[in-house]
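A.B. asks: Per my numbering, the very first residue in the sequence shown carries number 1; after that it's consecutive.
Glycine is no exception: its CB is placed at the ideal position from the N, C-alpha and C atoms.
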Amino acid sequence: MAKYLVIVESPAKVKTIKKFLGKNYEVMASNGHVRDLPKSSLGIDVDGDFEPKYITIRGKGEILAKLRKEAKKADKIYLATDPDREGEAISWHLLHALKLEGKDVSRISFNEITKNAVKESLKHPRKIDMDLVDAQQARRVLDRIVGYKISPLLWAKVKRGLSAGRVQSVALRIICDREDEINAFIPEEYWSLDATVDVEGEKKPITAKLYGRGDNKIAISSKEEMDKVLNEINGKDCKVQNIKKGQRSNKAPLPFTTSTLQQEASKALNFPISKTMRIAQQLYEGVDIKGQGTVGIITYLRTDSVRVSDEAEAMAKDFISKSYGDKYLSNGEGTKKSSKNIQDAHEAIRPTDINRVPSEIKESLSRDQFRLYQLIWKRFTASRMAKSEYETTTVKLSVGDYVFSFATSRLLFDGFELAYTAADDAKKEKQPVLKNPLTEESLLTVEELLPKQHFTQPPAHYTEASLVKTLEELGIGRPSTYSPTISTILARRYITKESKNLYVTEIGEVVNSIMKESFPTIVDEHFTANMESLLDAVAEGKVNWKTVVENFYPDLKDAIDKAENELEKVTIHDEVTDEICPECGRNLVIKYGPHGKFLACPGFPDCRFTMPYLEKIGVNCPKCGKDVVLKKTRKGRKYYGCIDNPECDFMSWGRPVAEKCPRCGGYMIIKGNKIACADEQCGYVTDKKPEREE
Numbered sequence: 001m002a003k004y005l006v007i008v009e010s011p012a013k014v015k016t017i018k019k020f021l022g023k024n025y026e027v028m029a030s031n032g033h034v035r036d037l038p039k040s041s042l043g044i045d046v047d048g049d050f051e052p053k054y055i056t057i058r059g060k061g062e063i064l065a066k067l068r069k070e071a072k073k074a075d076k077i078y079l080a081t082d083p084d085r086e087g088e089a090i091s092w093h094l095l096h097a098l099k100l101e102g103k104d105v106s107r108i109s110f111n112e113i114t115k116n117a118v119k120e121s122l123k124h125p126r127k128i129d130m131d132l133v134d135a136q137q138a139r140r141v142l143d144r145i146v147g148y149k150i151s152p153l154l155w156a157k158v159k160r161g162l163s164a165g166r167v168q169s170v171a172l173r174i175i176c177d178r179e180d181e182i183n184a185f186i187p188e189e190y191w192s193l194d195a196t197v198d199v200e201g202e203k204k205p206i207t208a209k210l211y212g213r214g215d216n217k218i219a220i221s222s223k224e225e226m227d228k229v230l231n232e233i234n235g236k237d238c239k240v241q242n243i244k245k246g247q248r249s250n251k252a253p254l255p256f257t258t259s260t261l262q263q264e265a266s267k268a269l270n271f272p273i274s275k276t277m278r279i280a281q282q283l284y285e286g287v288d289i290k291g292q293g294t295v296g297i298i299t300y301l302r303t304d305s306v307r308v309s310d311e312a313e314a315m316a317k318d319f320i321s322k323s324y325g326d327k328y329l330s331n332g333e334g335t336k337k338s339s340k341n342i343q344d345a346h347e348a349i350r351p352t353d354i355n356r357v358p359s360e361i362k363e364s365l366s367r368d369q370f371r372l373y374q375l376i377w378k379r380f381t382a383s384r385m386a387k388s389e390y391e392t393t394t395v396k397l398s399v400g401d402y403v404f405s406f407a408t409s410r411l412l413f414d415g416f417e418l419a420y421t422a423a424d425d426a427k428k429e430k431q432p433v434l435k436n437p438l439t440e441e442s443l444l445t446v447e448e449l450l451p452k453q454h455f456t457q458p459p460a461h462y463t464e465a466s467l468v469k470t471l472e473e474l475g476i477g478r479p480s481t482y483s484p485t486i487s488t489i490l491a492r493r494y495i496t497k498e499s500k501n502l503y504v505t506e507i508g509e510v511v512n513s514i515m516k517e518s519f520p521t522i523v524d525e526h527f528t529a530n531m532e533s534l535l536d537a538v539a540e541g542k543v544n545w546k547t548v549v550e551n552f553y554p555d556l557k558d559a560i561d562k563a564e565n566e567l568e569k570v571t572i573h574d575e576v577t578d579e580i581c582p583e584c585g586r587n588l589v590i591k592y593g594p595h596g597k598f599l600a601c602p603g604f605p606d607c608r609f610t611m612p613y614l615e616k617i618g619v620n621c622p623k624c625g626k627d628v629v630l631k632k633t634r635k636g637r638k639y640y641g642c643i644d645n646p647e648c649d650f651m652s653w654g655r656p657v658a659e660k661c662p663r664c665g666g667y668m669i670i671k672g673n674k675i676a677c678a679d680e681q682c683g684y685v686t687d688k689k690p691e692r693e694e
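1) Is the CB-CB distance between Pro646 and Ile617 below 9 Å?
2) Consult DSSP for Gln681 and reduce its assignment to one of helix, strand or coil.
3) Along the beta strand (DSSP E) that carries Tyr640, what are the first and last residues, could you check?
4) Per DSSP, Trp191 forms a beta bridge with which residues?
5) Any idea which residues DSSP pairs Cys661 with across the strands?
6) Let me make sure I understand the geometry here. Which of Ala563, Glu564 and Leu535 has the alpha-carbon closest to that of Asn551?
7) Using a threshold of 9 Å, state whether the C-beta atoms of Val619 and Arg173 are closer than that.
8) Hey, quick one: how far does the beta strand (DSSP E) through Phe271 stretch, first residue to last?
9) If you draw a straight line from the C-alpha of Lys18 to the C-alpha of Ala71, how long is it?
10) Determine the direct distance from the alpha carbon of Ile476 to that of Ile376, and round the result to whole angstroms.
11) Rounding to the nearest angstrom, what Cα-Cα distance links Thr16 and Ala80 in this structure?
12) Hey, is the region 449-459 in contact with the region 225-234, meaning 3+ C-beta pairs nearer than 8 Å?
13) Note down, one range per segment and in chain order, each alpha helix (DSSP H) of at least 4 residues found wholly within the region 90-143.
14) Note down the Cα distance separating Lys244 from Thr392, rounded to an integer number of angstroms.
15) Using the rule of at least 16 other Cβ atoms within 10 Å of the residue's Cβ for burial, across every protein chain shown, is Trp545 buried or exposed?
16) Which runs of the alpha helix (DSSP H) spanning at least 4 residues fall entirely within the region 11-87, listed in chain order?
17) What is the DSSP secondary structure of Leu614, counted as helix, strand or coil?
18) To the nearest angstrom, how far is the alpha carbon of Lys430 from that of Asp84?
19) Check the DSSP bridge columns for Phe406 and list the partner residues they point to.
20) For Asn31 versus Lys13, is the C-beta spacing smaller than 9 Å?
21) Taking only the alpha-carbon atoms, compute the straight-line gap between Ile279 and Arg160 and give it to the nearest angstrom.
22) Three Cβ pairs or more, each shorter than 8 Å: is that satisfied between the region 626-644 and the region 492-508?
23) Counting only runs that start and end within the region 212-261, where is the beta strand (DSSP E) found for 3 or more residues in a row?
24) Looking only at DSSP bridge pairs, what is Asn501 linked to?
25) Do Ser364 and Ile298 have their C-beta atoms within less than 9 Å of each other?
26) Over the uninterrupted beta strand (DSSP E) stretch that includes Gly593, give me the two end residues.
27) Leaving out five residues on either side along the sequence, give the residues of the same chain with a beta carbon under 8 Å from the beta carbon of Asn341.
28) Taking Cβ to Cβ, would you say Asp36 is nearer than 9 Å to Tyr25?
29) Comparing alpha-carbon positions, which option in Ser405, Gly415, Lys239 and Phe20 lies nearest Lys115?
30) What residue range does the beta strand (DSSP E) around Leu630 cover?
31) Could you please give me the residues that DSSP links to Leu444 through a beta bridge?
32) For Tyr684 and Ala658, what's the separation of their Cα atoms in angstroms?
33) With DSSP run on the structure shown, which of helix, strand or coil describes Asn620?
34) So, helix, strand or coil for Pro351, using DSSP?
35) Taking all protein chains shown into account, do 16 or more other C-beta atoms lie within 10 angstroms of the C-beta of Cys584, making it buried, or fewer, making it exposed?
36) Which residue wins for smallest C-alpha separation from Gly165, given the options His33, Pro520, Val105 and Thr439?
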């Protein structure tokens, strides 16, 4: 009887897939990649045809030996690595590492690890798709050239251990640019006015917002303007001016892609991107379900497609019809064509069986697995359901010459909302619902006027979720790269995460500054997005991968040569300070560590004394008059505080200046090319004086 060997990537899949196949099948795992470029050298022939030199990854020798032994016994070998470019490349590497040329070898792939999907894939074996392999090779070679050519310059300029990357450097720049926007933002004052209105026959008053005067919308920007409006409104009768009825419908959401799953899991479950991917991987590879054994319960997790297979579509239709009724079935408006960048062999992320209801398998899952599976299940189910329908009523009220407005809505049909509500929608302010219809004769009384002062807010700091959304919108990276990109810049301490927000560290600012100055192309988002499009063209067989690398390399080499020459002119010496080493009497010098600058004894390793570096900014503390110094939080975020902390608790996120506010006498901070009072209530702003040249 013939013997078959199936090679997968992950050991977790072995148990799941083995259960689906007969005794003739041996299932083994490669444990991910088996060959890669050498760590000790570039490994690419940049002076020739850019051919990469692959070597066996350290520690993989034993695994390969076992695979070779089984391969010799097998009559047919199936390479069943993940269904994406990286998986295709791993299959190609296995072919060469196991010396399978001349043997009966086929590539199979499945979008879900279920009995039907695995058995069906065996009926449709194919050759390795070299276009997908070449697209992955191009990505790997480009990333290696950027990393290995630029990183040594960062070591020379800043410190060893730093790295540059084709996608990570763009992600860092995006975060730095947002930080600059926030630091330069100057708040502007504005006021709002709410009226609490009693409606005859209603238990609760409604809140109407000031719209304008007559037909014109108005903006109130100071207390004086607000006081004038209040004087003109006080004591005036409230009447219904206009009632406008309408209908609105909410479309069902699309099923999850990698990016939208990462964003929604962050918002709804508070999961970091890396955690979402780790748990989704477990759900895809297989979990032990009571009474069903080990089975993959979601489809492949790295995808930017929203397509759904005909089989899954039919299963969903049947489930919704039986569980909710035919009126809840979608009439087809919940689907859209996938973007041009996707590999359409993929589907959206969905449950492998919609009949596997989350509550029924909860006992078989960990808490986090259950929460993520439930989110995926609800989203997919909702995506196949009808839209929700609302009756809307917009009411305008006149109080003297001023117009207030409010809106109410009444649910006519819940549609997909019966199964799922997105995190953003759940947080939206609920509109009031009136028991009795409002008419132009309804009696209304203004109970209270509620003026409120506001200040415009700067752009929000990036979170992992909003950064992924931005990278996707700009076309930077692909589903498999979002999580490792963010993990890398966090691990390098270029950025830090506090609550959910991402902040740039001092090291991150230095690295971004060098990259922008010496390698503007690398950190240009349009260039990086265009490179992704070229890699897609390689995957489609339209462009030769070496052509992409050949066109990219000369410009990079010129930039590196120029940067190297400029760096040679600036010998990087340790900056000597006036601080004396208490242990050996030498002058301490400024060094860079993982968290930024620190003071160290130049006598290392004989003297190992170090201490934090507090950089004086030439400004006296507004509270006690001592020096203000640049400090960092435990996670590396910059701020300004008094050198006499903890005795003096002064701190500021913005950089203070020596000049006092002429309006309120408080301290002022730098805001881009302006100087503004630190007290938003004061609101004083002036132009920043140009710095004098030495």
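C.D. replies: So, from the data block:
1) The residue you call residue 646 lines up with position 646 of the sequence shown. The residue you call residue 617 lines up with position 617 of the sequence shown. Not a contact, by the Cβ cut-off of 9 Å.
2) Start at 1 with the first residue of the sequence shown, and residue 681 comes out as number 681. Here DSSP, grouped into helix, strand and coil, assigns Gln681 to coil.
3) Counted from its first residue, the sequence shown places residue 640 at position 640. Its beta strand (DSSP E) spans residues Lys638 to Cys642.
4) For the purposes of this step, residue 191 is taken as the residue at position 191 of the sequence shown. DSSP lists Ile220 and Gln453 as the bridge partner or partners of Trp191.
5) Within the sequence shown, the letter at position 661 stands for residue 661. Bridge partners of Cys661: none, in fact.
6) Along the sequence shown, read from residue 1 onward, the residue named residue 551 stands at position 551. That would be Leu535, whose Cα lies nearest to the Cα of Asn551.
7) Stepping through the sequence shown from its first residue, residue 619 is reached at position 619. Stepping through the sequence shown from its first residue, residue 173 is reached at position 173. No, the Cβ-Cβ distance between Val619 and Arg173 is not below 9 Å.
8) As a position in the sequence shown, residue 271 is number 271, starting the count at 1. Run containing Phe271: none; DSSP gives neither H nor E here.
9) To locate residue 18, count along the sequence shown from 1; it is residue 18. To locate residue 71, count along the sequence shown from 1; it is residue 71. The C-alpha of Lys18 lies about 17 Å from the C-alpha of Ala71.
10) The sequence position of residue 376 within the sequence shown is 376, counting from 1. The sequence position of residue 476 within the sequence shown is 476, counting from 1. C-alpha separation (whole angstroms): 25 Å.
11) Here residue 16 refers to the residue found at position 16 of the sequence shown. Here residue 80 refers to the residue found at position 80 of the sequence shown. Distance from the CA of Thr16 to the CA of Ala80, rounded to the nearest whole angstrom, comes to 13 Å.
12) Yes, they touch.
13) Those alpha helix (DSSP H) runs which fall completely within the region 90-143 and span 4+ residues are 115-123.
14) Walking along the sequence shown from the start, residue 244 turns up at place 244. Walking along the sequence shown from the start, residue 392 turns up at place 392. C-alpha separation (whole angstroms): 8 Å.
15) Within the sequence shown, residue 545 is the residue found at index 545, counting from 1. Here Trp545 is buried, its C-beta having at least 16 other C-beta atoms within 10 Å.
16) Counting only unbroken stretches of 4 or more residues, the alpha helix (DSSP H) elements lying wholly within the region 11-87 are 11-20 and 61-73, in sequence order.
17) Along the sequence shown, read from residue 1 onward, the residue named residue 614 stands at position 614. Looking at Leu614 - three-state DSSP - the assignment turns out to be coil, as it is neither helix nor strand.
18) Counting from one through the sequence shown, the residue named residue 430 turns up at place 430. Counting from one through the sequence shown, the residue named residue 84 turns up at place 84. Going from the Cα of Lys430 to the Cα of Asp84 covers about 43 Å.
19) Along the sequence shown, one-based indexing puts residue 406 at 406. Phe406 is bridged to Val395.
20) The residue you call residue 31 lines up with position 31 of the sequence shown. The residue you call residue 13 lines up with position 13 of the sequence shown. Not in contact: Asn31 and Lys13 (Cβ atoms no closer than 9 Å).
21) Residue numbering aside, residue 279 sits at position 279 when the sequence shown is read from its first letter. Residue numbering aside, residue 160 sits at position 160 when the sequence shown is read from its first letter. The alpha-carbon atoms of Ile279 and Arg160 are separated by roughly 34 Å.
22) Cβ pair count under 8 Å is three or more, so yes.
23) Given a length threshold of 3 residues, each whole run of the beta strand (DSSP E) inside the region 212-261 is given here in chain order: 238-250.
24) Translated into positions along the sequence shown, residue 501 becomes position 501. BP columns for Asn501 point to Thr463 and Glu498.
25) Taking the sequence shown and counting its residues from 1, the one referred to as residue 364 is at position 364. Taking the sequence shown and counting its residues from 1, the one referred to as residue 298 is at position 298. Pairing Ser364 with Ile298 gives a Cβ-Cβ distance that is not under 9 Å.
26) Looking up residue 593 in the sequence shown gives position 593. It spans Asn587 to Gly593 - the beta strand (DSSP E) in which Gly593 sits, taken as one unbroken run.
27) Here residue 341 refers to the residue found at position 341 of the sequence shown. Because Asn341 sits at a pLDDT of 43, beneath the cut-off of 50, its placement in the model cannot be relied upon, and the following sentence gives the value as read from the coordinates. Counting only Cβ-Cβ distances below 8 Å, and skipping sequence neighbours, we find Asp304, Gly475, Arg478, Glu532, Ser533 and Asp536.
28) Position 36 of the sequence shown, counted from the start, is the residue given in the question as residue 36. Position 25 of the sequence shown, counted from the start, is the residue given in the question as residue 25. Not closer than 9 Å, so no.
29) Position 115 of the sequence shown holds residue 115. With distances taken between Cα atoms, Lys115 lies closest to Phe20.
30) Counted from its first residue, the sequence shown places residue 630 at position 630. In the DSSP assignment, Leu630 falls within the unbroken beta strand (DSSP E) covering Asp627 to Lys632.
31) Locating residue 444 in the sequence shown gives position 444, where the first residue counts as 1. DSSP output for Leu444 lists Val199 and Cys238 as bridge partner(s).
32) Stepping through the sequence shown from its first residue, residue 684 is reached at position 684. Stepping through the sequence shown from its first residue, residue 658 is reached at position 658. Here the alpha carbons of Ala658 and Tyr684 stand approximately 15 Å from one another.
33) Stepping through the sequence shown from its first residue, residue 620 is reached at position 620. Secondary structure at Asn620: strand, using DSSP grouped into helix, strand and coil.
34) For the purposes of this step, residue 351 is identified with residue 351 of the sequence shown, where counting begins at 1. In the three-state scheme derived from DSSP, where H, G and I count as helix and E and B as strand, Pro351 is classed as strand.
35) Position 584 of the sequence shown, counted from the start, is the residue given in the question as residue 584. Cys584 is exposed by the Cβ-count criterion.
36) For the purposes of this step, residue 165 is identified with residue 165 of the sequence shown, where counting begins at 1. Out of His33, Pro520, Val105 and Thr439, the CA that lies nearest to the CA of Gly165 is found in Pro520.
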